[in-house]
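As they're listed, the protein sequences go chains A and B.
Just so we're aligned, residue 1 is where the first sequence starts under our numbering, counting upward by one.
Just so we're aligned, residue 283 is where the second sequence starts under our numbering, counting upward by one.
Where a beta carbon is used, it is the ideal one built from N, C-alpha and C, also for glycine.
This one's a predicted model, so the numbers in the text were calculated from it and none came from an experiment.
Take a look at the structure below.
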Amino acid sequence: MSNKIITPVEEFADLLPDEYKELINKGPFFKTKGIEDLGTFKEIIDEHPHCAGCGVALGVRLTAAALPSPEDTLIIGTPGCSFFGLSQAALNYSTTAFGNQNAVASGLKRMLTIRYPEQNKDVVVLVGDGGIADIGLDLTLHSWFRREKITTIMVDNEVYGNTGGQESGMSTQGKVLNMAPKGKLFPKLPVFDMAKISGCAYAVRVTVASPQKVGRAVRKAILIAREIGPTYVQIYTPCPTNLKFPPNQTVKIAKEAEKDYYAYEEFITAEAQDYLDKNNLK
Amino acid sequence: MYVKVRVDEDKCIGCKLCILACPDPNVLTYTENKKVSADENRCKGCGLCVANCPKDALVIS
C-alpha cells in the first residue's frame, strides 16, 4: 500500500478530524516503529470501551504497536473482549462468526497471495481464549495442520469476560467464577503444547508483565509467517472485572503467574531460525 | 467520581515503564525533554501506571 491512499488532498484536509491528521503526520505507517518507541508516535488504536485496567486492552495495544508493517496487515477477529479494541483501530479489520477466524484467515491469505504476489500481506488472527481454545479449536488446529501462513495470537484472559464471567477452557482448575460457583472441574487446556506438535514453525507463551518480550514475539511470529508457516503467540492478559482483583494489580497478577504456571517459553523450528539468521531479522 | 492521572515532572526519570503498562492508547506520551506527560481527558484512572512507577512520580486523584 502506498502513502498516497491515506493522505488527504489539500482541499479536504480541513474537514477531517484532528485524530486522522495526527495519524497521518505522527502515525506508525511506513516507518519502523516498535514497542520501545511507544509514547513518541500516535498509536493506531484510539479510545476503546474496555474496563479500567483491562489486561486484554493492554495485550491488544502492545500487539498493535509491535506489528512490523501496520499498513499491510489484515487483522481477523471474532466476538469477545478482543473484538472491541480493534474496531477502534486504524487497521484493516475483519470480524467473523464466533470461532471461524482461522478458516476465514486461511481464505483471505490465499486470496491476497494471488492478488499481490510481490508484496507481503500479513494476515493476523487476534482473538481471545474462547475463540481459539473452545469454539474455534478445530478450525485453529486444522489451519496449523494445513500449514497456512498466518499468525495466530491469543489474548488469554482465562474467562468469558464479555458475557459475565463463564468458565472457559483456558481457566485454571478450581477457579471460582461468576458462573462457575463450584470452581472449574477440569484443568487448563494445553493449547501451547498443541501448537508445538501441530505444525507451528514458531510458538511463544508470554504475559503482559514483560512488554518487550511480547513485542519481540509478535514481530518474529509475523516475519516467520510470511515465508515459513503458521505461528502462534499466547499472551496472558488477566481480567480485573471477572477474576475479581483491583484494576491496578493487572501487571502484578501477570508477574505472579509468570513465576508459577505461565513461564516464558519459546519454540522455534530449525528452518524458521535459519530464515531469521539468513535475512538478519530480529 | 472523576479520577485522572497526574505526573510530577521533578520525580519522573523517563524510564517509560508506565507507558508500557497503560492499557489505554495515547494517554501517556514521552516528551522532548525526556519526561512523561499525561493526557488527563483520556485517562480511566485504573492506576496501573502508579503501581509500575519506581519513583512514585505518578498520582491518581
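Item, Value
"Under a three-way DSSP split, which group does Ala272(A) fall into?", "helix"
"Can you look up Ser106(A) in the DSSP assignment and give me helix, strand or coil?", "helix"
"Taking Cys328(B) as the query, report the chain A residues whose CB atoms sit under 7 Å from its CB, ordered along the chain.", "Ala52, Gly53, Pro247, Asn248"
"Would you tell me roughly how many angstroms separate the C-alpha atoms of Ala57(A) and Phe83(A), rounded to the nearest one?", "10 Å"
"Using a Cβ-Cβ cutoff of less than 6 Å, which residues in the same chain neighbour Thr241(A) once the five nearest sequence positions on both sides are dropped?", "Cys51"
"Could you tell me which uninterrupted alpha helix (DSSP H) segments, each at least 4 residues in length, are contained entirely in the stretch 96-154 of chain A, listed from first to last along the chain?", "101-115, 137-145"
"Can you check which of these residues, Val318(B), Asp306(B), Pro307(B), Asn308(B), is closest to Ala335(B) by C-alpha distance?", "Before going further, note that residue 335(B) is Cys rather than Ala in the sequence given. Among Val318(B), Asp306(B), Pro307(B), Asn308(B), the Cα nearest to that of Cys335(B) belongs to Val318(B)."
"Spell out the partners DSSP gives Val287(B) in its beta bridges.", "Ile342(B)"
"Classify Asp260(A) as helix, strand or coil using the three-state DSSP reduction.", "helix"
"Does Gly164(A) come within less than 7 Å of chain B when only Cβ atoms are used?", "no"
"With a cut-off of 7 Å, does the C-beta of Ile253(A) fall near any C-beta of chain B?", "no"
"Mind checking if Pro305(B) is an interface residue toward chain A, Cβ cutoff 7 Å exclusive?", "yes"
"Using 6 Å as the cut-off, classify the Cβ of His50(A) as near or not near the heavy atoms of the ligand NAD, replying yes or no.", "In terms of ligand content, the structure shown is empty, and the ligand NAD therefore cannot be addressed."
"What residues in its chain sit with their C-beta under 7 Å from that of Gly53(A), if we drop five residues either side in the sequence?", "Pro240, Pro247, Asn248, Thr250"
"At the 7 Å Cβ level, is Ala90(A) part of the contact set with chain B, yes or no?", "no"
"Mind checking whether Asp218(A) and Thr63(A) have CB atoms under 7 Å apart?", "Reading off the sequence, residue 218(A) comes out as Val, not Asp. The answer is yes: Cβ separation under 7 Å."
"Quick one: measure Cβ to Cβ for Asp122(A) and Ile235(A), integer angstroms, because I've assumed they're closer than 8 Å.", "Their Cβ separation, rounded to whole angstroms, is 17 Å, which puts Asp122(A) and Ile235(A) out of contact at 8 Å."
"Taking 7 Å as the threshold (beta carbon to beta carbon), is Asn226(B) in contact with chain A?", "Nothing in the structure corresponds to residue 226(B), since chain B is present only between 283 and 343."
"Apart from the five residues on each side of it in sequence, which residues of its chain come closer than 8 Å, Cβ to Cβ, to Gly215(A)?", "Gly34, Ile35, Glu36, Leu62, Ala65, Ala66"
"Quick check for students: name the residue ranges of the beta strand (DSSP E) that lie wholly in the stretch 288-320 of chain B, counting only runs of 3 or more.", "310-312, 318-320"
"For the beta strand (DSSP E) containing Leu91(A), name the first residue and the last one.", "No beta strand (DSSP E) contains Leu91(A), which DSSP labels as neither H nor E."
"Using a Cβ-Cβ cutoff of 8 Å, what residues of the stretch 309-326 of chain B are near chain A? List them in chain order.", "Leu310, Thr311, Tyr312, Val318, Arg324, Lys326"
"Under 7 Å Cβ to Cβ from Ile301(B), same chain only, skipping five residues before and after it: list those, please.", "Leu310, Tyr312, Val318"
"For the stretch 199-211 of chain A, which residues have a beta carbon sitting closer than 7 Å to at least one beta carbon of chain B?", "Pro211"
"Measuring only between beta-carbons, confirm whether Arg146(A) sits less than 7 Å from chain B.", "no"
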